[in-house]
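Just below is one structure, and these are the notes that go with it.
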Amino acid sequence: MAGTKSGKYWVTWANTHAKNSSKVDDLEFTFKPKVKAFIKALEDGGANITIKATNRHKKRAYLFHWCWKIYLGKCKPSAPPKLIGVDIQWDHGDLGKSKAGAKEMIDGFGLAIPPNSVYPPSITSKHIGGMAIDMDITWKGTIKVKKKDGTEVSVEFKSDTSKNTVLHAIGASYGVKKLINDKPHWSFDGK
């Protein structure tokens, strides 16, 4: 029996059956206090934080991974393995239609594609165990943020957080490490 073709249907399905969390409280219990402390230091310094994702369902990670790879031509639509409980038909019988279905999913999920992220969302993401957070961190000009040891550091705003090494060092002092090639992604190990 053929499954439901890839496309926006699967975004709606995942939002009901394979939800992402954007709550810090849903992070793994040893990582959660580190993230809370880092966010507090940022907010105390004047930064605005928008949390996009914390804990991710493995079925959602599967959908993220394969729609990204198919749309960007990193695999054939016939390549993804089946996942129990996700009856998706990636291959529409036409490469253009398969890519269009994958693109609908990328847009619906709000996934980062090149140049913002050059790697597919991980099928074994740190988000699945609650050991990563995707967040946008913004402010105007230069702010002062305290590292975990209390040292106050001046941080100039850069729209591309992957280039803000001062911000990375502050996060690392709390045990929240930046994945350089994925704009919103921070984790316990920087991966």
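Everything in the sequence shown is counted per my numbering, starting at 15 for the first residue and increasing by one. Just so you know, even glycine gets a beta-carbon here, dropped at the ideal spot from N, CA and C.
| Asked | Found |
| --- | --- |
| Under the assumption that residue 71 contacts residue 33 (Cβ atoms under 8 angstroms), give the Cβ distance between them as a whole number of angstroms. | 6 angstroms |
| I'd like the list of long-range same chain contacts for residue 147, defined as Cβ closer than 6 angstroms, with 5 residues on each side in sequence excluded. | 49, 68, 200 |
| Who are the Cβ neighbours of residue 136 in its own chain at under 6 angstroms, not counting the five residues just before and after it? | none |
| What number of angstroms, rounded off, separates the C-alpha of residue 62 from the C-alpha of residue 150? | 8 angstroms |
| Count the CB pairs spanning the region 110-117 and the region 80-98 that are closer than 8 angstroms, and state whether there are at least three. | yes |
| Taking the alpha-carbon positions, what's the residue 39 to residue 90 distance? | 38 angstroms |
| Using a Cβ distance threshold of 8 angstroms, determine whether the region 95-114 contacts the region 15-26, with at least three qualifying pairs required. | yes |
| Given that a residue counts as buried once 16 or more other Cβ atoms are within 10 Å of its Cβ, and exposed if not, what is residue 93? | exposed |
| Who does residue 203 pair with in a DSSP beta bridge? | Bridge partners of residue 203: none, in fact. |
| In chain order, what residues of the same chain lie with their CB nearer than 7 angstroms to the CB of residue 131, ignoring the 5 residues before and after it? | 195, 196, 197 |
| Using the rule of at least 16 other Cβ atoms within 10 Å of the residue's Cβ for burial, across every protein chain shown, is residue 75 buried or exposed? | buried |
| What does residue 149 pair with, by DSSP beta-bridge criteria? | 65 |
| Compute the Euclidean distance between the alpha carbons of residue 46 and residue 16, then round it to the nearest angstrom. | 41 angstroms |
| Rounded to whole angstroms, what is the Cα-Cα separation between residue 57 and residue 97? | 40 angstroms |
| Could you spell out the range, first to last residue, of the beta strand (DSSP E) harbouring residue 156? | 156-160 |
| Who are the near neighbours of residue 125 in its chain, counting only those whose CB is closer than 7 angstroms to its CB and skipping five residues on each side? | 78, 82, 135 |
| Among 167, 161, 31, whose alpha-carbon lies nearest the alpha-carbon of residue 100? | 31 |
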